[in-house]
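Taken in order, these protein sequences are the chains called A and B. The numbering of the first sequence is numbering that gives the first Met the number 0, which starts it at 0 and goes up by one. The numbering of the second sequence is numbering that gives the first Met the number 0, which starts it at 0 and goes up by one. Each residue gets a CB set at the ideal place from its N, CA and C atoms; glycine is no exception. Shown next, in structure tokens, is the structure this report addresses.
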Amino acid sequence: MALINVAAREIHGKIVYYGPGLSGKTTNLQYIHSRIPSNTKGELLSIETETERTLFFDFLPIDLGKVHGFTIRFHLYTVPGQVLYERTRVAVLNGADGVVFVADASRDRLPDNLQSLRELAQNLTAQGKRFLDYPLVMQYNKMDLPQGLPTPVLDRYINTVKVPRFEASAITGKGVFETLRAISKLVVNKL
Amino acid sequence: MPQFDPEISRMVVVEEDQAQISACLQRLMADSGASYSMVIDRAGQILASESDEVRPEMVHLGALIANTYASTQEMARILKEDGFKTLFQEGMKEKIFTETVRGRWLLVVIFDKQSQVGMVKVLARRSSAVLANILDLVERRSTEVNSPRFRQVGKATIDTIDLLFKDDGCSDDE
Ligand SMILES: Nc1nc2c(ncn2[C@@H]2O[C@H](COP(=O)(O)OP(=O)(O)OP(=O)(O)O)[C@@H](O)[C@H]2O)c(=O)[nH]1
Ligand SMILES: [Mg+2]
Numbered sequence: 000m001a002l003i004n005v006a007a008r009e010i011h012g013k014i015v016y017y018g019p020g021l022s023g024k025t026t027n028l029q030y031i032h033s034r035i036p037s038n039t040k041g042e043l044l045s046i047e048t049e050t051e052r053t054l055f056f057d058f059l060p061i062d063l064g065k066v067h068g069f070t071i072r073f074h075l076y077t078v079p080g081q082v083l084y085e086r087t088r089v090a091v092l093n094g095a096d097g098v099v100f101v102a103d104a105s106r107d108r109l110p111d112n113l114q115s116l117r118e119l120a121q122n123l124t125a126q127g128k129r130f131l132d133y134p135l136v137m138q139y140n141k142m143d144l145p146q147g148l149p150t151p152v153l154d155r156y157i158n159t160v161k162v163p164r165f166e167a168s169a170i171t172g173k174g175v176f177e178t179l180r181a182i183s184k185l186v187v188n189k190l
Numbered sequence: 000m001p002q003f004d005p006e007i008s009r010m011v012v013v014e015e016d017q018a019q020i021s022a023c024l025q026r027l028m029a030d031s032g033a034s035y036s037m038v039i040d041r042a043g044q045i046l047a048s049e050s051d052e053v054r055p056e057m058v059h060l061g062a063l064i065a066n067t068y069a070s071t072q073e074m075a076r077i078l079k080e081d082g083f084k085t086l087f088q089e090g091m092k093e094k095i096f097t098e099t100v101r102g103r104w105l106l107v108v109i110f111d112k113q114s115q116v117g118m119v120k121v122l123a124r125r126s127s128a129v130l131a132n133i134l135d136l137v138e139r140r141s142t143e144v145n146s147p148r149f150r151q152v153g154k155a156t157i158d159t160i161d162l163l164f165k166d167d168g169c170s171d172d173e
């Protein structure tokens, strides 16, 4: 739920990076954190297992700057992708204003992407959101890998809802800010 | 678990609301001796806070508390409970007590050994009821506010977004 605080002259929004385990959600936030100026971001908070898999969430607050005297502040989160943490994903998704679905473009991960996407649709619907009007963008990540599926194939299987989608390699940063820009705009559009 | 109105996608807090919420928090702090209190939404965003000193770490704390609370709601669902209404963390120096406000917002109170836990709990419950009335009104009005002022801010923000992330050191053709 976007929060417009006229008194404090601030606008807040929450964006959640969703997707199957190991698709690169945390890597997206790490890249954003490493690249944006320190006066426009807070610390990156990660709650993870010993093997660096997300256990609860990653959290990164960023400022998009001042507009008409209002400070625009977004909170970026990732969910834990491992199947076991389904209920945790529901908790982190609570109150999100927009979602980035990070798909793993590797050929053998196609079923996992589809399952995660179905689950996302269910969870948003359970929160009373209409999935088809919901601010959502997709990121086809790990496009650098040779065993990756080509974009037209991913479009056909994963992006049946035809939302904006971006090819990415989060590990090098390719497509990361493009994705963030796109979801930020969709969220702001809903204000 | 209370359901959120799907049509409400934003809360608009104006000066007057802020003043009412602050007054409620100040009273709670004065009566309980707590050092910090805040109201956050279910996304962990701070609607209002009152403090003896500036505490920037509260942005992260708000996110953690909101997620922890949402997580306990899922636990409740698994156990077929209606939901858990409070959270309590007890440290050596400070304690954190969190009480839900209508299941849609959270009242967070931070206090040290000068305050009594029982007292904080009772006063927090009372404040939660007062805040519920204030926030209900804010919420109802937020659905009506369709101010062109915010639309303007929205448009200008979209332009800013283009500018802001352009200089990220990674051109998209990398
Ligand atoms: N080759 C390649 N590897 C990547 C890319 N993005 C992430 N990785 C690697 O994939 C692994 C998992 O990345 P994470 O960002 O931790 O994945 P996650 O989606 O957060 O995983 P969970 O927290 O378990 O849900 C790490 O070893 C990353 O370095 C990419 O674009 N290309
Ligand atoms: Mg992760």
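Query                                                                                                                                                                 : Result
For Ala1/A, which residues does DSSP report across the bridge?                                                                                                        : Arg9/B
Which residues in chain A sit within 7 Å of Val38/B, going by Cβ to Cβ distance?                                                                                      : Simply none; closest approach about 11 Å.
For Lys94/B, does the three-state DSSP call read helix, strand or coil?                                                                                               : strand
Assign Lys24/A to one of two classes, buried (16 or more other C-beta atoms within 10 Å of its C-beta) or exposed (fewer than that).                                  : buried
Tell me whether Asn112/A is buried or exposed, calling it buried when 16 or more other Cβ atoms sit within 10 Å of its Cβ.                                            : buried
Is there a C-beta anywhere in chain A that falls below 9 Å from the one on Asp135/B?                                                                                  : no
Less than 9 Å separating the beta-carbons of Ile182/A and Leu116/A?                                                                                                   : no
Mapping DSSP to helix, strand and coil, what is Val162/A?                                                                                                             : coil
Could you tell me which whole alpha helix (DSSP H) segments of length 4 or greater appear in the segment 57-103 of chain A?                                           : 85-92
In its own chain, which residues sit with a C-beta less than 6 Å from the C-beta of Leu24/B, not counting the 5 before and 5 after it?                                : Ser36, Glu49
Go ahead and label Met91/B buried or exposed: buried means 16 or more other beta carbons lie within 10 angstroms of its beta carbon, across all protein chains shown. : exposed
For the beta strand (DSSP E) holding Glu143/B, just list the boundary residues, first then last.                                                                      : Careful: Glu143/B lies outside any beta strand (DSSP E), inside the alpha helix (DSSP H) at 116-143.
Who are the Cβ neighbours of Met142/A in its own chain at under 7 Å, not counting the five residues just before and after it?                                         : Ala104, Glu166, Ala167, Ser168
Select from Phe96/B, Val152/B, Arg124/B the residue whose C-alpha is nearest the C-alpha of Ala33/B.                                                                  : Phe96/B
Beta carbon of Tyr17/A, beta carbon of Val78/A: below 9 Å?                                                                                                            : yes
Are the Cβ atoms of Val5/A and Val12/B separated by less than 9 Å?                                                                                                    : yes
Would the C-beta of Pro79/A count as close to ligand 2, meaning under 8 Å from any of its heavy atoms?                                                                : yes
Relative to ligand 1, is the shortest distance from any of its heavy atoms to the C-beta of Met142/A smaller than 8 Å?                                                : yes
From Leu63/B to Leu130/B, what does the alpha carbon distance come to, in whole angstroms?                                                                            : 21 Å
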